[in-house]
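Asker: First, the structure itself, so that you have it in front of you.
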Amino acid sequence: DAEITQSPRHKITETGRQVTLACHQTWNHNNMFWYRQDLGHGLRLIHYSYGVQDTNKGEVSDGYSVSRSNTEDLPLTLESAASSQTSVYFCASSESKAAEQYFGPGTRLTVT
Amino acid sequence: SQQGEEDPQALSIQEGENATMNCSYKTSINNLQWYRQNSGRGLVHLILIRSNEREKHSGRLRVTLDTSKKSSSLLITASRAADTASYFCATDDTGNQFYFGTGTSLTVIP
């Protein structure tokens, strides 16, 4: 069965370190998204991609970057982790721009 | 921000009762979607309603959309304990960006 996976599921890192969160989907979807979820804010879009070599900034992109070298993967990199980036991160994919999104299980990141 | 707002923030009902939650948004949309999130899990898509639709049904779910008021409602009929979760609306604006609301936490008491 097709799925979307995230790794690691939990990560503790120190302020200033570079961190990369992995997202892998086997739906063969062109569209992939990264969100962060914080209490009181719901989900906020960080970056998204509509295909290989395409990346776009979302609502809260500062301090984050993504690259899309193939259809299946969209890794999210925190260039220099900050305590404000402690959050739960969700990756999602969709078949088309306005279609339902399929979510991964999430990565809980703690920056100390 | 285009972020939607769900109302109420929290809702507690008895099993068998109906649950209604509302979503308001700020600008024109292509469609509106509702998602469910069980504790500690990712979101699961429930239903999508397009901007030219007014009502849609899926099983025990009924969604309405009023574009003139920029609002939507999700009705869950004959609720079950398994419906306990957080519910989010998401809007796809005309720029194809997705915005999720802050969610309604539903507790169904057996």
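Line by line, the protein sequences are chains S and R. Heads up: the first sequence at position 6 corresponds to 272 in our numbering, and the numbers run straight through without jumps. Heads up: the second sequence at position 78 corresponds to 84 in our numbering, and the numbers run straight through without jumps. C-beta atoms are modelled at their ideal positions from N, C-alpha and C, and glycine is treated no differently.
1) Looking only at its own chain, which residues have a Cβ that is under 8 Å from the Cβ of SER335 of chain S, when we skip the five neighbours before and after it?
2) Would you list, in chain order, the members of the segment 53-64 of chain R that have their beta-carbon closer than 7 Å to a beta-carbon of chain S?
3) Who are the neighbours of ARG68 of chain R on chain S, taking C-beta pairs under 7 Å?
4) By the three-class DSSP mapping on this structure, what secondary structure does SER349 of chain S have?
5) Beta strand (DSSP E) containing TYR2 of chain R: first to last residue?
6) So that I know if they touch, is there some Cβ in chain R lying closer than 8 Å to that of PRO371 of chain S?
7) Looking only at C-alpha atoms, which of R:GLU11, R:ARG47, R:LEU80 sits nearest to GLU61 of chain R?
8) Relative to the C-alpha of GLU345 of chain S, which residue among S:PRO274, S:GLU325, S:THR271, S:GLU280 is closest?
9) Out of S:GLN284, S:HIS307, S:ILE270, S:LYS323, point me to the one whose CA is closest to SER353 of chain S's CA.
10) According to DSSP, which residues form a beta bridge with TRP40 of chain R?
11) Distance, Cα to Cα, VAL114 of chain R vs ASN296 of chain S?
12) Comparing the C-beta of ASP13 of chain R with each C-beta of chain S, is any distance below 8 Å?
13) Anything in the segment 351-369 of chain S with a Cβ closer than 7 Å to a Cβ of chain R? List those residues in chain order, please.
Answerer: For this structure:
1) Against the first sequence, residue 335 of chain S aligns to sequence position 69. Same-chain partners within the cutoff: VAL318, GLN319.
2) LEU54
3) For the purposes of this step, residue 68 of chain R is identified with residue 62 of the second sequence, where counting begins at 1. Those do not exist, as ARG68 of chain R stays about 18 Å from chain S at its closest Cβ, beyond 7 Å.
4) What you label residue 349 of chain S is simply residue 83 of the first sequence in a count that begins at 1. Helix, per DSSP.
5) Look at the range of chain R in this structure, 7 to 116, and you will see that residue 2 of chain R is not part of it.
6) Here residue 371 of chain S refers to the residue found at position 105 when the first sequence is read from its first residue. It does: the Cβ of PRO371 of chain S has a partner Cβ on chain R nearer than 8 Å.
7) Your numbering for residue 61 of chain R matches position 55 in the second sequence. Checked all of R:GLU11, R:ARG47, R:LEU80; the closest Cα to GLU61 of chain R is R:LEU80.
8) Here residue 345 of chain S refers to the residue found at position 79 of the first sequence. Per the Cα distances, S:GLU280.
9) Counting from 1 along the first sequence, the entry for residue 353 of chain S is found at position 87. Cα-wise, what sits closest to SER353 of chain S is S:HIS307.
10) Here the question's residue 40 of chain R lines up with position 34 in the second sequence. TRP40 of chain R pairs with R:ILE53, R:CYS95.
11) Mapped onto the second sequence, residue 114 of chain R falls at position 108. Mapped onto the first sequence, residue 296 of chain S falls at position 30. So the two alpha carbons sit approximately 37 Å from each other.
12) For this step, residue 13 of chain R is matched to residue 7 along the second sequence. No, ASP13 of chain R does not count as interfacial toward chain S.
13) PHE356, LYS363, ALA364, GLU366, GLN367, PHE369
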